[in-house]
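To start, the structure under review is shown below, and the notes come after it.
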Amino acid sequence: MNILIIGYSAIVQKRILPALKKIDGIGGIDIATRSSPALCSDQTISRGMVFNDYAEALSKSSADLVYISLVNSSHAEWAEKALLCGRHVIVDKPAFTSLADTQRLAELARSQNRCLAEATVYPWHPQIQTARDLFQQAGTQPTRLTVGFSFPPFPEDNFRWQRHLGGGALWDLGPYAVSPGRLFFNAEPDEIFCRVCTRNSATGVDTSFSVLAVYPDGRSMVGNFDFNTAYRNCINILGPRMSIDIERVFTTPPDMENELTLRLQNGTKMIKTPAADSFAIFFQRVYDAIKEKRHEIFIKTLLSDAAVLNKLRMAAHEE
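Under the working numbering, the letters of the sequence shown match residues 9 to 327, in that order.
Below, the structure written as structure tokens:
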């Protein structure tokens, strides 16, 4: 399978290209970039053709799968063009900046019998399944989630400060607020309460938010998400008789043996999980699903998370 990457973002350079090169079935990797074509011409980077025009890349690349890593406001346009060209598509999170676009493009993907996936990859790290297994082994289930993902401000020229480019904390960090309930409750929330806490003084874009999501059977998730603080990246999973804490949960480095803190009644135990590349695992799952023609699960996940993110934004009065 050949890949075309549209956009040479920092995440492409740091995580996506190294992960793709770990997949045995991936052949050529073409790159379309308006900013760094000379850099990408190094074959050790691209392993394929380099284009400085996105439309030309879609026309001339032999790619079966297109990965889109542009500013958020451009995702829908280029995902649609890639689908209409008959390509499978993966999009950086957040996939699209409107629920209507998500629903429309999901139907287009289905009509083309193509995969459409959002690259929210942390759920594919083995530590998530380990946490679920620990609850199952204890004969109980999670009822409370406490989530935090916060970090110092981006540089001033980062697109996330610009509303018209799909910037803001709700778009950028929203996928991390809406997905934990899917993973640990296997449900969408009945109610969401959300407030934007701070805004950028120059652009007015939201830079932090707090959320309470209430799920069926009295379960809940609370979270704080912020562009303005010291670094924090964690989840606490709480249920009857036990709790689990995971640090670096959303961005676990591929070479890191992370640890889960298990508290069971009055005892505490550290459980080490093997190092794993969540991007590589995600790409392998997409590759396998495409080969086996069972990629509908990625569309369903995309639609579910988009619907909850839309609820989140409406609760925050951002729609």
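The C-beta atom is built at its ideal place from N, Cα and C for all residues, glycine as well.
Q) Considering only C-alpha positions, which residue in the set Gly94, Leu78, Gly147 is nearest to Lys101? A) Leu78
Q: Give me the Cβ distance between Val186 and Asp313, rounded to the nearest whole Å; I'm assuming they're in contact under 8 Å.
A: 5 Å
(Q) Tell me the residue span of the beta strand (DSSP E) that contains Ser218. (A) 214–223
Q. Of all the beta strand (DSSP E) runs that stay within the bounds of the region 245–269, which reach a length of 3 or more residues?
A. 250–255
Q: List the residues that DSSP assigns as beta-bridge partners of Arg112.
A: Partner(s): none; Arg112 has no beta bridge.
Q | CA-to-CA distance, Met278 to Val257, given in whole angstroms | A | 15 Å
Q. Relative to the alpha-carbon of Thr206, which residue among Gly176, Pro224, Thr105 has its alpha-carbon at the smallest distance?
A. Gly176
Q) Where does Ala127 sit, in a helix, a strand or coil, going by DSSP? A) strand
Q: Thinking Asn236 and Ser216 are a contact (beta carbons under 8 Å), I'd like their distance in whole angstroms, please.
A: 6 Å
Q: Could you name the residues that DSSP lists as bridge partners for Thr309?
A: Bridge partners of Thr309: none, in fact.
Q | Residue burial classification, Asp38 (beta-carbon count within 10 angstroms, cutoff 16) | A | buried
Q: Tell me where the alpha helix (DSSP H) around Val74 begins and ends.
A: First-last for Val74: 73–76, but that is the beta strand (DSSP E), not the alpha helix (DSSP H).
Q: Along the alpha helix (DSSP H) that carries Arg140, what are the first and last residues, could you check?
A: 134–145
**Q.** Selected residue, minimal CA-CA separation from Arg203, among Val155, Ala323, Ala288
**A.** Ala323
Q: Could you pull out every residue in the same chain whose Cβ sits closer than 8 Å to the Cβ of Ala139, ignoring the five residues on either side in sequence?
A: Phe192, Ile245, Ile252, Ile254, Leu268
(Q) Assuming Ala40 is part of the beta strand (DSSP E), what are its boundary residues? (A) 37–40
Q. Roughly how far, in whole angstroms, is the beta-carbon of Asp214 from the beta-carbon of Leu178, given that I think they are within contact range, below 8 Å?
A. 5 Å
Q) Straight-line CA distance for Leu272 to Gly247? A) 10 Å
Q) Apart from the five residues on each side of it in sequence, which residues of its chain come closer than 7 Å, Cβ to Cβ, to Ile200? A) Val219, Ala221, Lys319, Leu320, Ala323
Q.
Using 7 Å as the threshold, is the C-beta distance between Ala288 and Ala84 below it?
A. no
Q: Check the C-beta distance from Leu91 over to Val97 and give it rounded, since I have them as a contact under 8 Å.
A: 6 Å
(Q) In the DSSP assignment, the alpha helix (DSSP H) including Ser106 goes from what residue to what residue? (A) It is not in any alpha helix (DSSP H) - Ser106 carries neither H nor E in the DSSP assignment.
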